[in-house]
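K.L.:
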Amino acid sequence: MNFGYLIIISEHAEVDYLKLAYALALSIKNTQKEGYDKVALVTDKAERVNELKSPWVFNEVIEWNEQSYWDGRSWMDQLSPWENTVCLDADMLFTRDYSHWIDYFVEYEDLYVANKSFTYRSEKITSDFYRKTFTVNHLPNLYSFYTFFKKDSDIANQFFTLGRWILKNPNEFSNLFLSDYKPKVLGTDEAFALSSKILGIENDIAYDLDFPRVVHMKGMVQNFPWPANNWSDHLGFYFNTNGELKIGNFEQTDIVHYVEKDKITDEHISLLEEIAWQK
Amino acid sequence: MTKGILIFAHNNEYVDYAKLALVSGSLAKKYLKMPISLVTDKHTLEWIKKSKIDSDINNVFEQIIEVPPPVTNNNRHLYDGKDKSLVPFTNINRCSAYDLTPYDTTLLIDSDFLIFSDALNNYWDVCDDVLIAESVVDAVGQHRLGHLDHHISDTGIKMRWATTVMFEKNEKTRRFFNLISYIKDEYEMFADLFRFNPLQYRNDISFSIAKHIMDGYTEAETYHLPTLLTVLDRDILIDVKNKDLIFLFDEKNETLAGKIQGRDVHIMNKQSLIRNASNILESI
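In order, the protein sequences belong to chains A and B.
If you count the first sequence from 1, position 168 lands on 168 in my numbering, and the numbers rise without skipping.
If you count the second sequence from 1, position 211 lands on 1211 in my numbering, and the numbers rise without skipping.
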């Protein structure tokens, strides 16, 4: 089976996305079975990868800077070196083996996009605080942070091609399809949701499954009894030397999308590296 | 494998827990048809004799297990409708249920939990561990409950309700009760770790933390005892007719009359329950 994860980053003035992608790749290497632990990195500054202590965690490094608009993830189908790919956001961490999810997707799907997320307490997120556009415009609740696709799939090709058109022409598509509640920024989640709706494939690519399970650490959807922009104002983030992660009093066993980019420190990287080297 | 029910009763100057235990035990025995034992202390036993309910107590409970009276400087407010009293909270020794119970599988219930059905009998044969009531539902509506009725703190774990607990004696449950005992002894440290208010000791919080730790610090999808139908202490039980419990419910500064029929129910207004104890006992 030719399967791998894909992380797409670009240089940013304030956030070191390479560091986040490195932490994610280390956590993948530390937790996934052999054959399910390959990682490809797409970056606009490939030479920086060699500055890392363990650049080998990236099985493939692809330099790419052809598109100037902000999110290159809509090009995931063009960029992936794998026949079967899961494209992830960089600010995520793996906490256990999820290879059985991959077995399912490879066997049964051409394209599948995550369509639910969870709080750090494992509650399914039902708040649409950050997703009013989805609710008001009746868009499927897609999260691009975990997108599986087969490279040779027609449906995936149509889906990503239309997604790119939407991202290139946000005003026109918002005007026509999102007029009831226009998003301030038409991002990849909105583009993917709209693409699937226009193609009429939302029930094929985002039906209800028990996985993937992703903890989405945006502050206002954590079911705190008060408003909270930053979850870290209220909760601790604890890594131990086994790479196990607690947020507050909760051991995390799902993929953690920690959102706040400063959560990954050099100390966390060192812990993950130690585990990777001993594996 | 023996099965039975266990109730704790330690009187204080405000609440006659022995009478509550008599009511709760009588109903449990009638509807679950299981043997039942009482854990109490010498002062409460003296009061039982003095108040002349000793023969009733002996009829209902197959074993009276005497333990030293719990020592506590823990106080809490108990409401009786709008009246409020600060009373000692003596029910702090439930962590000793594992050592005290005479049964292999035990249903531990609060003395203010009234059983009017055999629903809990469905759990004896599936319980090979610890089962706790998962949550509460207010008899009037969930809008009267707040975040801290469902969680032990603002950002913390789910509140399990130790009003009903079923456990089988084994190594795992022994550790579970040892852990509860440790949490009780180090309550302030656990309050720092789990960020709850330690001012008043609560069995529910200790049981919730122990369950969370035993489940690997996760919200494990395990089995629970049924959600507790609960009547808050600002509501008043005014009459009992057969299986009908008739209440005055406090709803947004208005008073509603209503009844609960044939349902297991947790009545938090202990004084109104004591006032109606004779009615309930007569109806059994």
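We put the CB at the ideal spot given by N, CA and C, even for glycine.
Which residue from B:Leu1225, B:Asp1041, B:Lys1241 puts its Cα closest to that of Glu1066 of chain B?
P.N.:
For this step, residue 1066 of chain B is matched to residue 66 along the second sequence. Of B:Leu1225, B:Asp1041, B:Lys1241, the residue nearest in Cα terms is B:Asp1041.
K.L.:
Can you look up Asn240 of chain A in the DSSP assignment and give me helix, strand or coil?
P.N.:
Position 240 of the first sequence, counting from 1, holds the residue named residue 240 of chain A. DSSP places Asn240 of chain A in coil when its eight states are reduced to three.
K.L.:
Return the chain-ordered ranges of every alpha helix (DSSP H) run that is complete within the stretch 1058 to 1113 of chain B and spans a minimum of 4 residues.
P.N.:
1097 to 1100, all fully within the stretch 1058 to 1113 of chain B.
K.L.:
Specify the secondary structure class of Gly1004 of chain B as computed by DSSP and reduced to three states.
P.N.:
Along the second sequence, read from residue 1 onward, the residue named residue 1004 of chain B stands at position 4. Gly1004 of chain B: strand per DSSP, three-state reduction.
K.L.:
Where DSSP assigns a beta bridge to Trp64 of chain A, which residues make up the other side?
P.N.:
Along the first sequence, read from residue 1 onward, the residue named residue 64 of chain A stands at position 64. Bridge partners of Trp64 of chain A: none, in fact.
K.L.:
Under 7 Å, Cβ to Cβ, is there at least one residue of chain B near Glu244 of chain A?
P.N.:
If you number the first sequence from 1, residue 244 of chain A lands on position 244. Judged by the 7 Å Cβ criterion, Glu244 of chain A is not in contact with chain B.
K.L.:
Count the other C-beta atoms from every protein chain shown that fall within 10 angstroms of the C-beta of Met1189 of chain B, then say buried if there are 16 or more, exposed otherwise.
P.N.:
Sequence index remark: in the second sequence, residue 1189 of chain B carries index 189 (1-based). Exposed.
K.L.:
Taking C-beta to C-beta, are Leu1027 of chain B and Ile1109 of chain B nearer than 7 Å?
P.N.:
Numbered from its first residue, the second sequence carries residue 1027 of chain B at position 27. Numbered from its first residue, the second sequence carries residue 1109 of chain B at position 109. No; because the gap between Cβ atoms is not below 7 Å, this pair is not in contact.
K.L.:
Could you work out which residue in A:Asp16, A:Phe94, A:Trp75 is closest to Ala191 of chain A when comparing CA atoms only?
P.N.:
Your numbering for residue 191 of chain A matches position 191 in the first sequence. Out of A:Asp16, A:Phe94, A:Trp75, A:Trp75 has the C-alpha closest to the C-alpha of Ala191 of chain A.
K.L.:
For Ala1220 of chain B, which of helix, strand or coil comes out of DSSP?
P.N.:
Residue numbering aside, residue 1220 of chain B sits at position 220 when the second sequence is read from its first letter. If DSSP states are grouped into helix, strand and coil, Ala1220 of chain B belongs with coil.
K.L.:
Run the CB neighbour count on Asn65 of chain A, radius 10 Å, all protein chains shown included, and call it buried at 16 or more, exposed below.
P.N.:
Reading the first sequence from its first residue, position 65 is the one you call residue 65 of chain A. Exposed: under 16 other Cβ atoms inside 10 Å.
K.L.:
Classify Pro212 of chain A: buried if its beta carbon has 16 or more other beta carbons within 10 angstroms, exposed otherwise.
P.N.:
Within the first sequence, the letter at position 212 stands for residue 212 of chain A. Buried.
K.L.:
Between His1150 of chain B and chain A, is there a C-beta pair that is closer than 7 Å?
P.N.:
Indexing the second sequence from 1 puts residue 1150 of chain B at position 150. No - not a single Cβ of chain A is within 7 Å of the one on His1150 of chain B.
K.L.:
Determine the closest residue to Ile1152 of chain B out of A:Pro225, A:Asn157, A:Val215, with distance taken between C-alpha atoms.
P.N.:
Translated into the one-based positions of the second sequence, residue 1152 of chain B becomes position 152. Comparing Cα-Cα distances from Ile1152 of chain B to each of A:Pro225, A:Asn157, A:Val215, the minimum goes to A:Pro225.
K.L.:
So what does Asn84 of chain A bridge to, in DSSP terms?
P.N.:
Within the first sequence, numbered from 1, the residue matching residue 84 of chain A stands at position 84. DSSP output for Asn84 of chain A lists A:Phe3, A:Lys150 as bridge partner(s).
K.L.:
Counting C-beta neighbours from all protein chains within 10 Å, is the total for Tyr1017 of chain B 16 or more, i.e. buried, or is it exposed?
P.N.:
What you label residue 1017 of chain B is simply residue 17 of the second sequence in a count that begins at 1. With 16 or more other Cβ atoms within 10 Å, it is buried.
K.L.:
Are Thr1230 of chain B and Val1165 of chain B closer than 7 Å when you measure CB to CB?
P.N.:
Numbered from its first residue, the second sequence carries residue 1230 of chain B at position 230. Numbered from its first residue, the second sequence carries residue 1165 of chain B at position 165. It is not a contact, given that the beta carbons lie outside the stated cut-off.
K.L.:
Name, please, each residue of chain B whose Cβ falls closer than 7 Å to the Cβ of Pro225 of chain A.
P.N.:
Position 225 of the first sequence holds residue 225 of chain A. Residues of chain B passing the Cβ test: His1147, Asp1154.
K.L.:
Just to check my reading of the structure: Leu1022 of chain B and Thr1106 of chain B have Cβ atoms closer than 8 Å, yes? What is that Cβ distance to the nearest angstrom?
P.N.:
Position 22 of the second sequence holds residue 1022 of chain B. Position 106 of the second sequence holds residue 1106 of chain B. Actually they do not touch by this definition, with Cβ atoms about 19 Å apart.
K.L.:
Three or more C-beta pairs under 8 Å: does that hold for the stretch 1147 to 1161 of chain B against the stretch 230 to 249 of chain A?
P.N.:
The stretch 1147 to 1161 of chain B vs the stretch 230 to 249 of chain A: in contact.
K.L.:
Am I right that Ile166 of chain A and Ser144 of chain A are in contact with their C-beta atoms under 8 Å? What's the rounded C-beta distance?
P.N.:
By one-based count along the first sequence, residue 166 of chain A stands at place 166. By one-based count along the first sequence, residue 144 of chain A stands at place 144. Not a contact, Cβ separation roughly 12 Å.
K.L.:
Per DSSP, Ala1257 of chain B is paired with what?
P.N.:
Working through the second sequence from its first residue, we reach residue 1257 of chain B at position 257. B:Leu1248.
K.L.:
Which residue comes first and which comes last in the beta strand (DSSP E) that contains Tyr98 of chain A?
P.N.:
Here the question's residue 98 of chain A lines up with position 98 in the first sequence. That residue, Tyr98 of chain A, is in no beta strand (DSSP E); it is neither H nor E in DSSP.
K.L.:
Looking at the structure shown, is Ile28 of chain A part of a helix, part of a strand, or coil, going by DSSP?
P.N.:
Mapped onto the first sequence, residue 28 of chain A falls at position 28. In this structure, Ile28 of chain A counts as helix in the three-state DSSP scheme.
K.L.:
Is it buried or exposed for Met92 of chain A, if we count other Cβ within 10 angstroms and need 16 for buried?
P.N.:
Indexing the first sequence from 1 puts residue 92 of chain A at position 92. Buried, since its Cβ has 16 or more Cβ neighbours within 10 Å.
K.L.:
Report the option in B:Ser1283, B:Thr1227, B:Arg1175 whose CA atom is closest to the CA atom of Gln1142 of chain B.
P.N.:
Numbered from 1 along the second sequence, position 142 holds the residue referred to as residue 1142 of chain B. Among B:Ser1283, B:Thr1227, B:Arg1175, the Cα nearest to that of Gln1142 of chain B belongs to B:Thr1227.
K.L.:
Mind checking the stretch 117 to 129 of chain A against chain D and listing, in chain order, the residues whose C-beta falls within less than 7 Å of any C-beta there?
P.N.:
The structure shown has no chain D; the protein chains it does contain are A and B.
K.L.:
Would you be able to state if there are at least three C-beta pairs under 8 Å between the stretch 115 to 124 of chain A and the stretch 23 to 42 of chain A?
P.N.:
The stretch 23 to 42 of chain A vs the stretch 115 to 124 of chain A: no contact.
K.L.:
Checking contacts by CB at 7 Å: is Asn249 of chain A closer than that to chain B?
P.N.:
For the purposes of this step, residue 249 of chain A is taken as the residue at position 249 of the first sequence. Yes, Asn249 of chain A counts as interfacial toward chain B.
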